[in-house]
Amino acid sequence: MSTNLDNILPLGNDADKKKQLQKLSDELQFLDTIEEDNGLLFEKDAAEGLSKVDKTKASVIINSLNSNLQKQLHKKKTRKIFKEQSPSYLTIITILLLIIISFIVLKKML
């Protein structure tokens, strides 16, 4: 059974298998070059943008970006904590209300 899983190419002569393997490797190489080109373009754009920034204002810009990022991340953390706990708070309050109501009903019946 494992030999059938390892043989993913269809049955045929060796020339067909070699062509199929070559096509697969060429496609993978093509995708790798596209990813590398995109990475190089991103780096080139980043370097160009950084070269246009005034050196005296760079530290101020970096500090403001860092502080804004910290604020955004902190807000998201606090929101996430409350969202995760809100169903548990709701169930606890509901259970307590049911206990109180049942206690009052039992007290009146006795």
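First residue of the sequence shown: 1, per the numbering used here; consecutive thereafter.
We put the beta carbon where it would ideally sit given N, CA and C, even for glycine.
- Rounded to whole angstroms, Asn-68 and Ile-62 show a C-alpha spacing of 10 Å.
- When secondary structure is reduced to three states using DSSP, Asp-45 falls in the helix class.
- Going by C-alpha positions, Phe-30 is about 27 Å away from Glu-48.
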